[in-house]
Amino acid sequence: MPGGAEHVDPARVRDLPALDAAVSQCRACPRLVAWREEVAATKRAAFRDETYWGRPVPGFGATAARLMIVGLAPAAHGGNRTGRMFTGDRSGDVLYAAMHAVGLASQPTAVAIGDGLEVYGTRLTAPVRCAPPANKPTPEERDRCRPWLARELALLRGTVRAVVVLGGWGWQALLPVLATPDPAGGHPGWVVPRPRPVFGHGVHVTLEPADATSAAPLEVYGCYHVSQQNTFTGRLTPAMLEDVLARAARAAGLDPTPPARPGG
894 MPGGAEHVDP
904 ARVRDLPALD
914 AAVSQCRACP
924 RLVAWREEVA
934 ATKRAAFRDE
944 TYWGRPVPGF
954 GATAARLMIV
964 GLAPAAHGGN
974 RTGRMFTGDR
984 SGDVLYAAMH
994 AVGLASQPTA
1004 VAIGDGLEVY
1014 GTRLTAPVRC
1024 APPANKPTPE
1034 ERDRCRPWLA
1044 RELALLRGTV
1054 RAVVVLGGWG
1064 WQALLPVLAT
1074 PDPAGGHPGW
1084 VVPRPRPVFG
1094 HGVHVTLEPA
1104 DATSAAPLEV
1114 YGCYHVSQQN
1124 TFTGRLTPAM
1134 LEDVLARAAR
1144 AAGLDPTPPA
1154 RPGG
C-alpha cells in the first residue's frame, strides 16, 4: 500500500482533490523518493533558477472526465519539476499540441502550473507517480503505486467511458487495474479477456463491466508513447496521435471542437 501521507489508504479517499493531495505526499518507494529529490536538488542547468516540485505528481484534468489518458511516469525535468502531468518536457509538448489540435485542450503548450492550460472532459494520469531513474520503474514500484490509479478510476466510474494508453508499459500496467474491483466497493471492475489484449498502436478493445447494472463498458485505445524516441524517429507522428485521440474522444461521448485554422 502507498506509504507516507500519514498512511493514507487510497480506498478511503472520497474525491479526486483529496486523492491528488494524498498522492503528492506519498513516500512508499525509497529508490524513487531518493531519485526525485536528488533531481530536484541538483536540477538541470536550464532550470537552475526554478524550484522543482520533487514529489509524486497527481493526475490533471476534469474531475468528471469522460476520457482518461494514461502514460508511464513523470519525467525527471518535466512533471517532477513542474508538478503537473506531461508539463515542461518534449513529450508533453507533443501530447498537448495534439490534444489542442483535436479540441481537447485550450492551448497547444504546457509550460507550468498557472499557464492557463485547460483540458476538456479529460484527465491525464500515470501508473507510477514519481519520476524513475532512466524512466524505468521496477515492477515492485509499479505494483506499490497501483492503488492510487485504481482509486482514481473508481472515483471516475460514473463518467469515464474511454482510455488512451500511451505505450506498452502503460498498457501492461493498466489492464490489471481495470480488472480489479474497487476495494471500497464502488466499482466492480471490467472484464479483461484472457489472454490479455496485445498492445499496438491504434488497437481498440471494448471492456464490458463485471456488473452491467452498476457500470458502463470502457473503450480502451493503444497509442505509441509520446517519447522523443518515437516522435523524433517518426514512429509516432502528430497525425497518428491526433487520430487516436479523436477516436477515443468520440467513443467517450465528447464532441470537441478543433481550433479554427488560419484561412479556414
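Residue numbers for the sequence shown, in this note's numbering: 894 to 1157. C-beta: ideal position from N, C-alpha, C; glycine also.
{"query": "Reduced DSSP secondary structure (H/G/I, E/B, other) of Thr-1002", "result": "coil"}
{"query": "Entirely enclosed alpha helix (DSSP H) segments - the segment 1041-1099, minimum 4 residues", "result": "1061-1071"}
{"query": "Extent of the continuous alpha helix (DSSP H) to which Thr-935 belongs", "result": "923-935"}
{"query": "Ala-916 - containing alpha helix (DSSP H), residue span", "result": "Correcting the residue type first, residue 916 is Val in the shown sequence and not Ala. Per DSSP, Val-916 belongs to the alpha helix (DSSP H) from 909-916."}
{"query": "Which listed residue (Arg-1022, Phe-940, Leu-1071 and Ala-1132) has its alpha carbon closest to that of Pro-1086", "result": "Leu-1071"}
{"query": "Sequence-distant residues of the same chain with beta carbon closer than 8 Å to Pro-910, five excluded per side", "result": "Thr-956"}
{"query": "Which of helix, strand or coil DSSP assigns to Pro-1102", "result": "strand"}
{"query": "Cβ pair Arg-959, Ile-1006 closer than 8 Å", "result": "no"}
{"query": "Top-ranked residue by Cα proximity to Cys-919, from Lys-1029, His-970 and Trp-1041", "result": "Trp-1041"}
{"query": "Nearest-angstrom beta carbon gap, Pro-1030 and Ala-934 [assumed within contact, 8 Å]", "result": "That belief does not hold up - the Cβ atoms of Ala-934 and Pro-1030 are roughly 21 Å apart, past 8 Å."}
{"query": "Straight-line gap, Glu-943 to Arg-1143 (C-alpha atoms, nearest Å)", "result": "39 Å"}
{"query": "Three-state secondary structure assigned by DSSP to Met-961", "result": "strand"}
{"query": "Proximity to Gly-1093 [Cα-Cα], best of Ala-998, Arg-1128 and Gly-1051", "result": "Arg-1128"}
{"query": "Touch test, the segment 1046-1057 against the segment 1075-1084, Cβ-Cβ under 8 Å, three pairs minimum", "result": "yes"}
{"query": "Residue environment, Gly-964, which counts as buried when at least 16 other CB atoms sit within 10 Å", "result": "buried"}
{"query": "C-beta contact flag for Gly-981 and Val-950 at 8 Å", "result": "no"}
{"query": "Outcome for Arg-974 when other beta-carbon atoms lying within 10 angstroms are tallied against a minimum of 16", "result": "buried"}
{"query": "Pairwise C-alpha distance: Gly-996 and Pro-1149", "result": "5 Å"}
{"query": "Distance between beta carbons of Gly-947 and Arg-929, contact taken as under 8 Å", "result": "5 Å"}
{"query": "Burial state of Ala-1153 (16 or more Cβ within 10 Å)", "result": "exposed"}
{"query": "Near the ligand FMN: Gly-971 beta-carbon under 7 Å from a heavy atom", "result": "Summarising the ligand content, the structure contains no ligands, and the ligand FMN is consequently not present."}
{"query": "C-beta atoms of Pro-1081 and Ala-1055 nearer than 8 Å", "result": "no"}
{"query": "Residue from Ala-1141, Glu-1135, Val-906 and Thr-1126 whose Cα sits closest to the Cα of Tyr-989", "result": "Glu-1135"}
{"query": "Per-residue DSSP class, three states only, for Leu-988", "result": "helix"}
{"query": "Glu-1011 burial status per 10 Å Cβ neighbour count (16 or more: buried)", "result": "exposed"}
{"query": "Coil, strand or helix - Arg-1016 by DSSP", "result": "strand"}
{"query": "Ala-1141 versus His-1118, Tyr-1117 and His-1097, residue with shortest Cα-Cα distance", "result": "His-1097"}
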